[in-house]
Amino acid sequence: MTDQEHWEWADAKGPRGNFREAVALFDTEQDLQDAVDDLESHGFSNAAVSRPVAPDAVESALRHPVRNVAELEDDASVPREAHVDRGSRSTVLLVVAFVPVYVLLLVGAGIATAHGMLAWQAAVLTTGLGLFGAACGGAIAFRHARRTRERLRREQAWGGLLLWVRTGSLNQEQKALDILRRHAGRDVHLHGPAASMQIH
């Protein structure tokens with residue numbers, strides 16, 4: 313869907329330039345994720361699905377507080393980012409938690425070797441550093457998870473989790489609308505330039 317030459321839409325500018333998009337709000341992250349999974353299983357690329365950036369960044373870009381998510385749905389100035397699913401976030405958290413452990417275990421082994429420590433001394437040192445790394449990694453992962461929960465809470469307080477789906481044809485447009493509604497999407501609608509003569 314990156315080749316606009318083959319899109320059916322007219323050159324008239326819509327909210328995101330010459331993009332036709334389906335828009336929906338979701339009450340829960342699970343409903344949103346189910347919709348994204350369904351979209352991807354029906355041929356929509358990950359690049360076609362986007363979400364607003366974190367609430368603080370949105371308000372900073374707009375230079376005013378957001379009272380309701382309806383203010384954002386069709387506003388071209390709202391900064392966006394790719395949707396990141398929960399599985400990917402969990403993987404990132406595991407990596408974040410593990411890296412400090414790995415690094416400090418290597419440091420401990422290096423120190424033990426450099427100072428010619430006895431086996432038990434090396435074991436105590438590396439174990440201690442490993443535990444310290446685990447504590448650091450756990451703290452970082454906890455803060456990241458807390459920020460994610462707070463972000464979802466704030467978006468839900470605005471009125472819902474906003475999702476945009478870029479479409480490249482009349483068929484994709486209808487398919488996106490059906491999928492979003494099927495997964496409890498609210499205020500499902502389209503924005504962008506009107507369809508022109510279909511290109512074959």
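Residues 313 to 512 (the working numbering) are what the sequence shown spells out, left to right. The beta carbon of each residue, even a glycine, is placed where N, CA and C say it ideally should be.
Span of the beta strand (DSSP E), counted from its first residue to its last, around residue i
i      : result
Leu337 : Arg332 to Phe338
Ser362 : Val361 to Pro364
Test item: CB-CB of residue i and residue j under 8 Å
i      : j      : result
Gly449 : Ala382 : no
Leu474 : Leu337 : yes
Val477 : Phe356 : yes
Pro377 : Glu385 : no
Val415 : Gly445 : yes
Leu502 : Glu352 : no
Residue from the options with nearest C-alpha to residue i
i      : options                           : result
Thr340 : Val500, Ala496, Ala453 and Ala369 : Ala496
Arg363 : Val370, Glu393 and Val335         : Glu393
Asp397 : Arg332, Trp432, Lys487 and Asp349 : Asp349
Ala435 : Phe410, Gly420 and Gln345         : Gly420
Leu406 : Leu374, Ala451 and Arg461         : Ala451
Pro367 : Ala424, Arg375 and Lys487         : Arg375
Where residue i sits in the DSSP three-state scheme
i      : result
Pro505 : coil
Asp349 : helix
Asp343 : helix
Asp397 : coil
Asp387 : coil
Arg498 : strand
His456 : helix
Leu406 : helix
Gly355 : coil
Leu430 : coil
Pro377 : coil
Endpoints, the alpha helix (DSSP H) within which residue i is located
i      : result
Ala382 : Careful: Ala382 lies outside any alpha helix (DSSP H) and carries neither H nor E.
Arg392 : Not the alpha helix (DSSP H): Arg392 falls in the beta strand (DSSP E), residues Arg392 to Ala394.
Leu374 : Pro367 to Leu374
Would you list, in sequence order, the uninterrupted alpha helix (DSSP H) runs of no fewer than 4 residues that lie entirely inside the stretch 462 to 496? 482 to 494
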